[in-house]
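Q: Under the working numbering, the first residue of the sequence shown is numbered 55, with each subsequent residue one higher. Each residue gets a CB set at the ideal place from its N, CA and C atoms; glycine is no exception.
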Amino acid sequence: MNADLEPLLMIPGPVALSPAVRAAMAEPPRSHTDPAFVEVFARVLANVRAVCGADTDHQPFVVAGSGTLAMEMAATNVVGPGQRALVLQTGVFGDRMAQILGRRSVAVRRLAAPAGHTISAEAVAEALGSEVPDAVFLTHVDTSTGVRVDLERIARVVRGAGPLLVVDGVCSVGGERLLQAAWGVDVVLTASQKALSAPPGLALVVASPRALAARRALAVPPPLTVDFEAWLPVHRAYQEGRASYFATPATGLVRALDAALAELVAEGVDAVVERHARVASTVRAGLDALGIRPVPQDGDTVANTLSAVWLPEGVGADLVGRVAERGVLVAGGLHPDLRANSFRIGHMGWVGTQPALLERTLRAVAAAANCASTADGA
Ligand SMILES: *Cc1c(COP(=O)(O)O)cnc(C)c1O
Numbered sequence: 055m056n057a058d059l060e061p062l063l064m065i066p067g068p069v070a071l072s073p074a075v076r077a078a079m080a081e082p083p084r085s086h087t088d089p090a091f092v093e094v095f096a097r098v099l100a101n102v103r104a105v106c107g108a109d110t111d112h113q114p115f116v117v118a119g120s121g122t123l124a125m126e127m128a129a130t131n132v133v134g135p136g137q138r139a140l141v142l143q144t145g146v147f148g149d150r151m152a153q154i155l156g157r158r159s160v161a162v163r164r165l166a167a168p169a170g171h172t173i174s175a176e177a178v179a180e181a182l183g184s185e186v187p188d189a190v191f192l193t194h195v196d197t198s199t200g201v202r203v204d205l206e207r208i209a210r211v212v213r214g215a216g217p218l219l220v221v222d223g224v225c226s227v228g229g230e231r232l233l234q235a236a237w238g239v240d241v242v243l244t245a246s247q248k249a250l251s252a253p254p255g256l257a258l259v260v261a262s263p264r265a266l267a268a269r270r271a272l273a274v275p276p277p278l279t280v281d282f283e284a285w286l287p288v289h290r291a292y293q294e295g296r297a298s299y300f301a302t303p304a305t306g307l308v309r310a311l312d313a314a315l316a317e318l319v320a321e322g323v324d325a326v327v328e329r330h331a332r333v334a335s336t337v338r339a340g341l342d343a344l345g346i347r348p349v350p351q352d353g354d355t356v357a358n359t360l361s362a363v364w365l366p367e368g369v370g371a372d373l374v375g376r377v378a379e380r381g382v383l384v385a386g387g388l389h390p391d392l393r394a395n396s397f398r399i400g401h402m403g404w405v406g407t408q409p410a411l412l413e414r415t416l417r418a419v420a421a422a423a424n425c426a427s428t429a430d431g432a
C-alpha cells in the first residue's frame with residue numbers, strides 16, 4: 055500500500071493513526087474473556103486515568119459508541135428529570151448537550167457565547183450567583199468554533215458554588231492540559247477518534263466519587279446501556295484482572311486504543327500537551343503567512359487541538375474541496391454562523407509527531423488558496 059495515495063485526515067476527528075495503532079487494528083478478534091484482552095482492558099483503564107489526571111477513586115468507563123454517546127452517558131447519570139443544569143455553550147456541542155438534557159426532562163439554563171467567543175469564569179460566577187443548578191456542563195474545546203474555555207478557573211468557580219461539573223473533553227483530552235482530580239472536575243468525557251489518536255467507536259467517561267454518588271441518588275435511572283451502575287462491576291472486574299460481562303466490549307477497538315494510549319503515555323502526558331501547543335503555533339504561523347486568521351477572538355481561547363480559521367480574502371468554502379484534490383482532508387465550517395466563511399484543520403494526536411504531514415497540509419492549503427484567488431481573478 056502506498057501511504058502517499060491515502061487521503062491525509064486533517065479533520066477534527068477521526069484523525070490519522072500511527073503505524074502501531076493500525077497494526078493493532080489488524081489483529082484477529084479476541085474474546086472479551088481472553089486473559090490477553092483482560093490485561094489490555096485493565097491497562098487501558100489505568101492509562102485513561104493518567105491522561106485525564108484522574109485519581110484511583112475516579113472510575114473510567116470505556117464503552118462502544120461515539121462521543122455523543124459519551125455525552126449522553128455523562129448527562130443521564132448525573133442529573134434526572136426535574137433537576138437543573140447550566141450549560142455553557144461555546145459552539146454546537148453545548149447546544150447538543152442542552153438537547154440531551156432536555157430529553158431527560160432536566161431544566162436547562164444556557165449561557166451562550168457568540169461564535170468565536172469564550173465564556174469567562176466571571177460570567178460563570180455571575181450565572182451561579184443568581185441560581186445554583188445541580189450540575190454545570192461545558193465543552194473544553196468546542197470543535198465548531200476552535201474556542202477553548204479556561205477550565206481550571208471555571209472549575210474553581212463551580213466547585214466553590216457546589217454543583218457537579220461535567221466536561222465534554224472530546225476535542226481536548228490528550229491534547230490540552232486537563233487535571234480532573236486537581237481541578238475538581240466530576241465527569242470528563244471523550245471519544246477514541248480525536249486527540250487520543252485511536253479509531254472511532256469508543257466512548258470514554260471518567261466519573262469522580264461525587265458523580266458516582268449522584269448516579270446512585272437518581273430517582274429515575276439512566277438507560278441501561280449507559281448506566282454507571284450497570285457498567286461499574288464490569289469495569290472494576292477488568293481493573294482487578296478478571297473478565298466480566300454486561301454487554302460485549304468492542305475488543306478490537308479497545309486493543310487499538312491500548313496501542314494509542316501506550317504511545318501517548320510513553321511520550322508523557324505533559325510532553326504531549328506541550329507538543330500540541332507547539333504544533334498549533336506552527337500550523338497557525340503557516341496559515342497566518344497565507345493571510346488565514348483564527349476564528350477565536352482572544353489569543354488565550356484558541357485551542358491547540360484544531361484551528362478554526364476564516365477563509366482568506368476572495369476565497370469561498372469550496373477551498374475545502376480543492377485541498378482534498380491535493381490529498382489532504384480538512385473540514386468545512388460546522389457552526390451555523392461560520393459555515394460560509396471559515397474552515398477547520400485538525401492537528402491533534404499522532405499526526406503532530408510527523409512534521410512532513412503538517413508541511414504537506416500547509417502546502418495543500420496554500421496551493422488551493424492561491425489557485426482560488428487566481429481563478430477569482432482579483
Ligand atoms: C466530535 C465531538 C463530539 C461528538 O463526537 P462524535 O463521536 O462525533 O459523536 C462531541 N463534543 C466535541 C467537543 C467534539 O469535538
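Given a cut-off of 7 Å, decide if Ala104 and Ala235 are closer than it, judged by their beta-carbon atoms.
A: The sequence position of residue 235 within the sequence shown is 181, counting from 1. The sequence position of residue 104 within the sequence shown is 50, counting from 1. No, they are not a contact pair.
Q: To the nearest angstrom, how far is it from the Cα of Asp352 to the Cα of His171?
A: Counting from one through the sequence shown, the residue named residue 352 turns up at place 298. Counting from one through the sequence shown, the residue named residue 171 turns up at place 117. The alpha-carbon atoms of Asp352 and His171 are separated by roughly 7 Å.
Q: Does Phe397 come out as helix, strand or coil in the three-state DSSP assignment?
A: The residue labelled residue 397 in the question sits at position 343 within the sequence shown. The DSSP-derived three-state label of Phe397 is strand.
Q: Starting from the C-beta of Ala314, find all residues in its chain whose C-beta is less than 6 Å away, skip the five residues before and the five after it, and write them out in chain order.
A: By one-based count along the sequence shown, residue 314 stands at place 260. Excluding residues within five positions, the ones whose Cβ falls inside 6 Å are Val75, Leu250, Ser251 and Ala252.
Q: Considering only heavy atoms of ligand 1, does any lie closer than 6 Å to the CB of Val117?
A: For the purposes of this step, residue 117 is identified with residue 63 of the sequence shown, where counting begins at 1. The nearest non-hydrogen atom of ligand 1 is 6 Å or more from the C-beta of Val117.
Q: Runs of 3 residues minimum, wholly inside the segment 326–407: which ones carry the beta strand (DSSP E) assignment?
A: 360–364 and 396–400
Q: Using the Cβ count rule (16 or more neighbours within 10 Å means buried), how would you classify Gly229?
A: Position 175 of the sequence shown, counted from the start, is the residue given in the question as residue 229. So Gly229 counts as buried.
Q: Buried or exposed: Thr415, going by 16 or more other Cβ atoms within 10 Å of its Cβ?
A: For the purposes of this step, residue 415 is identified with residue 361 of the sequence shown, where counting begins at 1. Thr415 comes out buried.
Q: From which residue to which residue does the beta strand (DSSP E) around Thr244 run?
A: Counting from 1 along the sequence shown, the entry for residue 244 is found at position 190. First-last of the beta strand (DSSP E) with Thr244: Val241 to Ala245.
Q: Drop a sphere of 10 angstroms on the beta-carbon of Tyr292, count the other beta-carbons inside from all chains shown, and report buried for 16 or more, exposed for fewer.
A: Your numbering for residue 292 matches position 238 in the sequence shown. Buried: at least 16 other Cβ atoms inside 10 Å.
Q: How many angstroms separate the CA atom of Leu360 from the CA atom of Gly403?
A: As a position in the sequence shown, residue 360 is number 306, starting the count at 1. As a position in the sequence shown, residue 403 is number 349, starting the count at 1. Straight through space, the alpha carbons of Gly403 and Leu360 are spaced by roughly 10 Å.
Q: At which residues does the alpha helix (DSSP H) containing Ala90 begin and terminate?
A: Within the sequence shown, residue 90 is the residue found at index 36, counting from 1. Taken as a continuous stretch (DSSP letters only), the alpha helix (DSSP H) holding Ala90 covers Pro89 to Cys106.
Q: Measure from the alpha carbon of Pro254 to the alpha carbon of each residue in Ile65, Pro348, Val69 and Asp281, then state which is nearest.
A: By one-based count along the sequence shown, residue 254 stands at place 200. Of the listed residues, the one whose Cα sits closest to Pro254 is Val69.
Q: Please identify the residue among Leu218, Leu311, Arg332 and Pro348 whose C-alpha is closest to the C-alpha of Val133.
A: Here residue 133 is taken as the residue at index 79 of the sequence shown, counted from 1. Ranking the options by Cα distance to Val133, first place goes to Leu218.
Q: State buried or exposed for Asn358, treating a residue as buried only when at least 16 other CB atoms are found within 10 Å of its CB.
A: Counting from one through the sequence shown, the residue named residue 358 turns up at place 304. Burial call: buried.
Q: For Arg138, which residues does DSSP report across the bridge?
A: Here residue 138 corresponds to residue number 84 of the sequence shown, with the count starting at 1. Answer is Ala161.
Q: Assign Arg417 to one of two classes, buried (16 or more other C-beta atoms within 10 Å of its C-beta) or exposed (fewer than that).
A: In the sequence shown, counting from the first residue as 1, residue 417 sits at position 363. With fewer than 16 other beta carbons inside 10 angstroms of its own, Arg417 counts as exposed.
Q: What three-state label does DSSP hand Phe115 in the structure shown?
A: Here residue 115 refers to the residue found at position 61 when the sequence shown is read from its first residue. Phe115 falls in the strand class under three-state DSSP.
Q: Let's see if you can read the secondary structure: which residues bound the alpha helix (DSSP H) around Ala271?
A: In the sequence shown, counting from the first residue as 1, residue 271 sits at position 217. Per DSSP, Ala271 is not a residue of any alpha helix (DSSP H), being assigned neither H nor E.
Q: So for Asp430, helix, strand or coil by DSSP?
A: Here residue 430 corresponds to residue number 376 of the sequence shown, with the count starting at 1. At Asp430, the pLDDT of 46 sits below 50, so the modelled position is not reliable and the matter cannot be decided from this model.
Q: According to DSSP, which residues form a beta bridge with Gln143?
A: Stepping through the sequence shown from its first residue, residue 143 is reached at position 89. Per DSSP, Ala166.
Q: Is the segment 331–338 touching the segment 137–154 in the sense that three or more CB pairs, one from each, lie closer than 8 Å?
A: no
Q: To the nearest whole angstrom, what separates the beta carbons of Leu256 and Val308, a pair I think is in contact under 8 Å?
A: As a first step, residue 256 is located in the sequence shown; it is residue number 202 there, counting from the start. As a first step, residue 308 is located in the sequence shown; it is residue number 254 there, counting from the start. The pair is a contact, with the Cβ atoms about 7 Å apart (cut-off 8 Å).
Q: What is the rounded straight-line gap between the Cα of Gly119 and the Cα of Val419?
A: Working through the sequence shown from its first residue, we reach residue 119 at position 65. Working through the sequence shown from its first residue, we reach residue 419 at position 365. So the two alpha carbons sit approximately 32 Å from each other.
Q: Please give me, in chain order, every unbroken run of the alpha helix (DSSP H) with length at least 4 that falls completely inside the segment 162–226.
A: 175–184 and 205–215
Q: So, for Glu60: in the same chain, excluding its five sequence neighbours on each side, which residues have a beta-carbon less than 7 Å away from its beta-carbon?
A: Within the sequence shown, the letter at position 6 stands for residue 60. Same-chain partners within the cutoff: there are none.
Q: Would you kindly work out how many angstroms separate the C-alpha atoms of Asp240 and Ala265, rounded to a whole number?
A: The sequence position of residue 240 within the sequence shown is 186, counting from 1. The sequence position of residue 265 within the sequence shown is 211, counting from 1. One C-alpha to the other measures close to 6 Å.
Q: Tell me the DSSP secondary structure of Val280 in three-state form.
A: As a working note, residue 280 is residue 226 in the sequence shown. Correct three-state label for Val280: helix.
Q: Under 8 Å by Cβ, that's how I've got Asp312 and Arg97 pegged, so tell me the actual separation to the nearest angstrom.
A: In the sequence shown, residue 312 corresponds to position 258, counting from 1. In the sequence shown, residue 97 corresponds to position 43, counting from 1. Asp312 to Arg97, Cβ: 6 Å. Contact.
Q: For Ser246, tell me which candidate among Val224, Gly238 and Val260 has the shortest Cα-Cα distance.
A: The residue given as residue 246 occupies position 192 in the sequence shown. When each option's Cα is compared against that of Ser246, the closest is Val224.
Q: Following a CB-centred definition, is Cys106 positioned closer than 6 Å to any heavy atom of ligand 1?
A: Within the sequence shown, numbered from 1, the residue matching residue 106 stands at position 52. Not so, every heavy atom of ligand 1 lies at least 6 Å from the Cβ.
Q: Output the boundary residues of the beta strand (DSSP E) element that contains Leu315.
A: In the sequence shown, residue 315 corresponds to position 261, counting from 1. That residue, Leu315, is in no beta strand (DSSP E); its alpha helix (DSSP H) goes Thr305 to Glu321.
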